[in-house]
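Just below is one structure, and these are the notes that go with it.
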């Protein structure tokens with residue numbers, strides 16, 4: 001099997017490549033990544049001898065067409081994905097998430113290849129904190145930021161190409177990931193690296209916003225299950241029943257790192273900050289038999305903390321610039 005993994009030097013994509021190389025040595029893996037600030041060549045160093053890395057954008061039509069033609073399956077992780085960045089400058093999100101997805105769709109249509117499109121639960125908007133419901137595959141789209149809006153648009157393009165042109169594709173919408181190789185701009189690695197640097201963690205607003213956390217390895221195991229047995233044309237939601245508010249996550253990290261659980265600062269909230277996400281992964285579990293290995297959030301966070309403690313050389317180069325950007329926003 002020849003896999004083209006777009007965005008494979010980013011957080012989730014790099015972990016997917018690691019998992020594929022380790023557990024599926026018969027697969028040939030090519031990574032296409034534009035290597036912007038969020039795509040890190042160093043994230044692929046442990047598997048570099050087993051992977052071909054091509055630097056380029058999924059919005060580059062001729063490049064995408066050539067690479068898709070040479071592979072059997074495309075797994076699309078490539079996306080601009082940071083909400084704060086989308087509020088400052090939405091245009092890169094339109095270019096990558098909309099135009100890039102369109103280029104991939106046209107290439108898989110032209111060459112008769114299969115596509116799996118990796119998306120987010122943020123396309124569904126948010127839920128009230130006391131709402132018993134969770135997102136399902138039938139939940140209407142209600143995105144609230146330029147980032148989630150462009151991801152919603154990309155999902156709809158995939159669905160349209162399935163219906164109009166009969167391409168072979170599946171979609172997955174996942175809850176918030178955490179784990180190794182995640183950029184320090186993201187919530188959990190920012191807090192972990194702050195604590196490791198002797199700086200108090202930062203909590204938006206009152207810390208009441210709830211996310212449904214999943215370890216990246218569990219997410220990628222679900223993706224392989226979909227590639228192996230998922231029904232073409234279907235959407236699968238991926239979540240590990242890991243709901244926790246931001247304040248709980250920060251206090252858990254402080255406890256894991258041996259700090260007082262009140263050693264943090266509240267900062268101003270982000271505009272349009274969604275209240276709560278929650279995933280019902282019943283379809284994935286029932287049809288494909290997937291279950292998370294990190295069923296306990298604290299266990300997964302402890303493993304993540306250990307990775308960042310042991311890999312300062314990976315995250316330190318981006319830390320100062322990231323914090324300067326947050327400081328300019330007062331967050």
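Residue numbers (UniProt numbering): 1 to 331. Glycine is no exception: its CB is placed at the ideal position from the N, C-alpha and C atoms. Bear in mind the structure is a predicted one, so any value in this text is a computation, not a measurement.
Practice item. Would you grab the beta carbon distance between residue 100 and residue 57 for me? Rounded to a whole angstrom, and I think it's under 8 Å. Key: Right, their Cβ atoms sit about 7 Å apart.
Review point. Does DSSP put residue 236 in a helix, a strand or coil?
Key: DSSP places residue 236 in strand when its eight states are reduced to three.
Check your understanding: With a cut-off of 9 Å, does the C-beta of residue 31 fall near any C-beta of chain B?
Key -> In the displayed structure, chain B is absent; only one protein chain is listed.
Practice item. Identify whether residue 245 lies in helix, strand or coil by the three-state DSSP scheme. Key: In this structure, residue 245 counts as strand in the three-state DSSP scheme.
Review point. Using a threshold of 8 Å, is the CB atom of residue 109 nearer than that to any non-hydrogen atom of the ligand NAD?
Key: Of the ligands one can find in the structure shown there are none, so the ligand NAD has no counterpart to examine.
Point to revise | Where the beta strand (DSSP E) containing residue 114 begins and where it ends | key: Counting along the chain, the beta strand (DSSP E) containing residue 114 begins and ends at 114-120.
Exercise for review: Tell me where the alpha helix (DSSP H) around residue 149 begins and ends.
Suggested key: Residues 146-165.
**Study point:** Buried or exposed (CB count within 10 angstroms, at least 16 for buried), residue 133
**Key:** Classified as exposed, residue 133 has fewer than 16 neighbouring CB atoms from the shown chains inside 10 Å of its CB.
**Study point:** Spatially closest choice to residue 311 from 293, 235, 184 and 280, by CA coordinates
**Key:** Residue 311 has its Cα closest to that of 184, out of 293, 235, 184 and 280.
Practice item. Compute the beta-carbon to beta-carbon distance between residue 116 and residue 167, rounded to the nearest angstrom, for a pair I have assumed lies under 8 Å. Key: Actually they are not in contact, since the Cβ atoms of residue 116 and residue 167 sit about 12 Å apart, beyond 8 Å.
Review point. Rounded C-beta distance between residue 278 and residue 35? I'm assuming under 8 Å.
Key: Contact annotation, residue 278 with residue 35: C-beta distance approximately 34 Å; criterion of less than 8 Å not satisfied.
Practice item. Label residue 263 either buried or exposed according to how many other C-beta atoms from any shown protein chain fall within 10 Å of its C-beta, with 16 as the threshold for buried. Key: Exposed.
Review point. Over what stretch of residues does the beta strand (DSSP E) that includes residue 44 continue unbroken?
Key: Bounds of any beta strand (DSSP E) do not take in residue 44, whose DSSP letter is neither H nor E.
Practice item. May I ask you to list the residues that DSSP assigns as paired with residue 211? Key: Residue 211 is bridged to 244.
Practice item. Name, in chain order, the residues that DSSP records as bridge partners for residue 313. Key: In DSSP, residue 313 forms no bridge with anything.
Practice item. Could you give the DSSP three-state label for residue 269: helix, strand or coil? Key: Three-state DSSP puts residue 269 in coil, outside helix and strand.
Point to revise | residue 170, enclosing alpha helix (DSSP H) - first and last residue | key: From DSSP, residue 170 is part of no alpha helix (DSSP H) but of the beta strand (DSSP E) over 168-174.
Check your understanding: Do you know offhand how far residue 321's Cα is from residue 287's?
Key -> If I take the Cα positions, the gap works out to 44 Å.
Review point. Can you name the residues that DSSP bridges to residue 177?
Key: According to DSSP, which records beta bridges pairwise, residue 177 is partnered with 214.
Check your understanding: Between the region 216-236 and the region 16-35, do at least 3 Cβ pairs fall closer than 8 Å?
Key -> In this structure the region 216-236 lies against the region 16-35, because at least three pairs of beta carbons, one per stretch, are closer than 8 Å.
Check your understanding: So is residue 328 buried or exposed if we call it buried at 16+ other beta carbons inside 10 Å?
Key -> Counting Cβ neighbours within 10 Å, residue 328 comes out exposed, since fewer than 16 surround it.
Practice item. State the beta-bridge partners of residue 319 as determined by DSSP. Key: Partner(s): none; residue 319 has no beta bridge.
Review point. Quick one: what's got a C-beta closer than 8 Å to residue 301's C-beta in the same chain, skipping five residues either side?
Key: If you ignore the 5 residues before and after residue 301, its C-beta comes within less than 8 Å of the C-beta of 178, 188, 249, 252, 253 and 256, all in its own chain and listed in chain order.
**Study point:** Residue span of the beta strand (DSSP E) that contains residue 231, given as start and end
**Key:** DSSP places residue 231 in no beta strand (DSSP E); its state is neither H nor E.
Review point. Considering only C-alpha positions, which residue in the set 38, 210 and 230 is nearest to residue 77?
Key: Nearest C-alpha to residue 77: 38.
Check your understanding: Taking residue 212 as the reference, which of 294, 104, 53 and 71 has the closest Cα?
Key -> Minimum Cα-Cα distance from residue 212 among the listed residues 294, 104, 53 and 71 corresponds to 294.
Exercise for review: Give the secondary structure of residue 33 by DSSP, where H, G and I count as helix, E and B as strand, and everything else as coil.
Suggested key: DSSP places residue 33 in strand when its eight states are reduced to three.
Check your understanding: Between residue 66 and residue 113, what straight-line distance do the alpha-carbon atoms span, to the nearest angstrom?
Key -> Distance from the CA of residue 66 to the CA of residue 113, rounded to the nearest whole angstrom, comes to 12 Å.
Review point. Where do the ends of the beta strand (DSSP E) carrying residue 76 lie?
Key: Its beta strand (DSSP E) spans residues 73-76.
**Study point:** Residue from 150, 170 and 276 with nearest C-alpha to residue 93
**Key:** Of the candidates 150, 170 and 276, the one whose C-alpha sits nearest the C-alpha of residue 93 is 150.
Review point. Could you give the C-beta distance for residue 245 and residue 210, rounded to a whole number, given that I count them as a contact under 8 Å?
Key: That belief holds up - the Cβ atoms of residue 245 and residue 210 are roughly 5 Å apart, short of 8 Å.
Review point. Are there 16 or more other CB atoms within 10 angstroms of the CB of residue 268, so buried, or fewer, so exposed?
Key: Here residue 268 is exposed, its C-beta having fewer than 16 other C-beta atoms within 10 Å.
Check your understanding: Among 181, 51 and 110, which one has its Cα closest to the Cα of residue 351?
Key -> Because the chain in this structure spans residues 1 to 331, residue 351 falls outside the shown range and cannot be described.
Exercise for review: My understanding is that residue 232 touches residue 207, with C-beta atoms under 8 Å, so please give their C-beta distance in whole angstroms.
Suggested key: Actually they are not in contact, since the Cβ atoms of residue 232 and residue 207 sit about 42 Å apart, beyond 8 Å.
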